[in-house]
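Quick note on full-length UniProt numbering: the sequence shown kicks off at 1 and runs consecutively. Glycine included, C-beta positions come from ideal geometry on N, C-alpha and C. Here the structure is laid out as structure tokens; the discussion comes afterwards.
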Amino acid sequence: MVERIQAHLPQMSATMSKIGELLLSEPSAPLELSITELADRAGTSAATVTRFCRQLGYPGYVQFKVAVAADSGRGEPDDQWRTEIGRTLSPTDPPQAVLRTLLNAHIRSLRATAGTIDLHECAVVAKRIATSRHLDIYGTGGSAAMADELENRLYRIGINAHSWGDVHAGLASASIQDEGTIAIGISNSGRTKETIEMLGRARTSGAFTVAITNRNSSPLGQLADVCLTASVPEQYLHPADLSAKHSQLFVLDLIYLLVIQQDFTDSVNKIAASARAVSGHRRFASADREGTAS
């Protein structure tokens, strides 16, 4: 069911997309809610829910509920594997098949990201970063590592960047932003409560806000001034798998390089200066290894 909703979501109207987004985050909701209750939860009408069901290929809500119940009733070990890991992998697949599936997942994610990302908006974000007084980057869980990575890269070229994975520290920083700052929120689902809260506080404070997420229709995407899409077109693996991280990193790399282009000579000089600063430690580490070997 999740795969069917994901496949139809890009062709849905804004009102039906609300239902799709709700069901992607709460797949079992139809088993607990009437058609009216589901419509209220999604902020739409019962008639829109019916149209949503028909677009997915079901005559009405009752038939849709039956299909959801059938999906949720699968409890065999193989079904549990497919729910947690992905429907394109099997517990008995040989390593070569796992490698091929994994490679396809990453390649498709990167190609989808490259094909859908708005380069004009990327350029706008890069210019904002290069001229900002302060940059906040918010992300929790796996996205916190992406936020740290962007902070490290930008800081080396002179950008006053700070990453926040703790919501308390992030909110404190977001509350003192202003019109001369920029804030970036990273979340694959676009529904991470803490990231939404931090980016929302930064926007209220006056910062220019950017979301990096899989869906621009997600709460995080709708909140930001600019949403850059890191696509994960197929759920090969668990939603937190590395194909999502690689799509995020691809977007961050693009932004980083576009920022460098804003003042190429200065950026290159700063990178060279930081490399020289640590070069002695690299030589010492190499000497230590040689001494150990002898």
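query, result
"Which same chain residues, not among the five before or five after PRO219, have their C-beta less than 8 Å away from its C-beta?", "GLY190, ARG191 and ILE196"
"Less than 7 Å between C-beta atoms, sequence neighbours within five positions excluded: which residues of the same chain meet that for GLY180?", "SER132 and ARG133"
"Relative to the C-alpha of VAL259, which residue among GLU149, VAL167, THR48 and ALA126 is closest?", "ALA126"
"If LEU135 sits next to ILE182, beta carbons under 8 Å apart, how far is it from one beta carbon to the other, in whole angstroms?", "5 Å"
"Does ALA145 come out as helix, strand or coil in the three-state DSSP assignment?", "helix"
"Between which two residues does the beta strand (DSSP E) holding ALA211 run?", "208-213"
"Inspect the beta-carbon positions of ILE129 and SER163 and report whether they are closer than 9 Å.", "no"
"If we call anything under 9 Å between Cβ atoms a contact, is TYR58 one with ALA67?", "yes"
"If contact is defined by three or more beta carbon pairs under 8 Å, each pair taking one atom from either stretch, is the segment 110-119 in contact with the segment 195-211?", "no"
"Excluding sequence positions up to five away, which residues of its chain have a Cβ less than 6 Å from the Cβ of VAL167?", "GLU194"
"With a 10 Å radius around its C-beta and 16 neighbouring C-beta atoms as the bar for buried, classify LEU99 as buried or exposed.", "exposed"
"Comparing C-alpha positions only, which one of ALA230, PRO95, ALA172 and GLY200 sits nearest to HIS106?", "ALA230"
"Taking 9 Å as the threshold (C-beta atoms), are ALA224 and ARG203 in contact?", "yes"
"What distance in whole Å lies between the Cβ atoms of MET198 and LEU228, which are believed to be in contact at a cut-off of 8 Å?", "17 Å between Cβ atoms; not a contact."
"Mind checking LEU257: buried by the 16 CB within 10 Å criterion, or exposed?", "exposed"
"Please confirm whether SER205 and ILE176 have their CB atoms less than 9 Å apart.", "yes"
"If you draw a straight line from the alpha carbon of ALA277 to that of GLU3, how long is it in whole angstroms?", "50 Å"
"Just mark THR36 as buried or exposed, buried being the case when its beta carbon has 16 or more other beta carbons within 10 Å.", "exposed"
"For the candidate residues MET1, ARG51 and ALA145, whose alpha-carbon lies nearest to that of LYS245?", "ALA145"
"Which whole runs of the beta strand (DSSP E) in the segment 141-199 are 3 residues long or more, in chain order?", "161-164 and 181-186"
"Assign ALA273 to buried or exposed, taking buried as 16 or more other Cβ atoms, counted over all protein chains shown, within 10 Å of its Cβ.", "exposed"
"Inspect the beta-carbon positions of LEU56 and ILE5 and report whether they are closer than 9 Å.", "yes"
"Let's test the definition: count the other Cβ atoms within 10 Å of the Cβ of THR44 and tell me whether it reaches 16, buried, or not, exposed.", "buried"
"Comparing alpha-carbon positions, which option in ARG153, VAL124 and MET12 lies nearest LEU249?", "ARG153"
"Is it buried or exposed for GLY60, if we count other Cβ within 10 angstroms and need 16 for buried?", "exposed"
"Looking only at its own chain, which residues have a Cβ that is under 6 Å from the Cβ of GLY115, when we skip the five neighbours before and after it?", "none"
"Which residue comes first and which comes last in the alpha helix (DSSP H) that contains LEU23?", "14-25"
"Go ahead and label GLY75 buried or exposed: buried means 16 or more other beta carbons lie within 10 angstroms of its beta carbon, across all protein chains shown.", "Because the pLDDT of GLY75 is 43, which lies under 50, any placement of that residue in the model is unreliable, and the question is left without a value."
"Any idea if PRO30 is buried or exposed, counting beta-carbon neighbours within 10 angstroms, 16 or more meaning buried?", "buried"
"Going by DSSP, name the residue or residues bridged to ASP136.", "HIS162 and ALA183"
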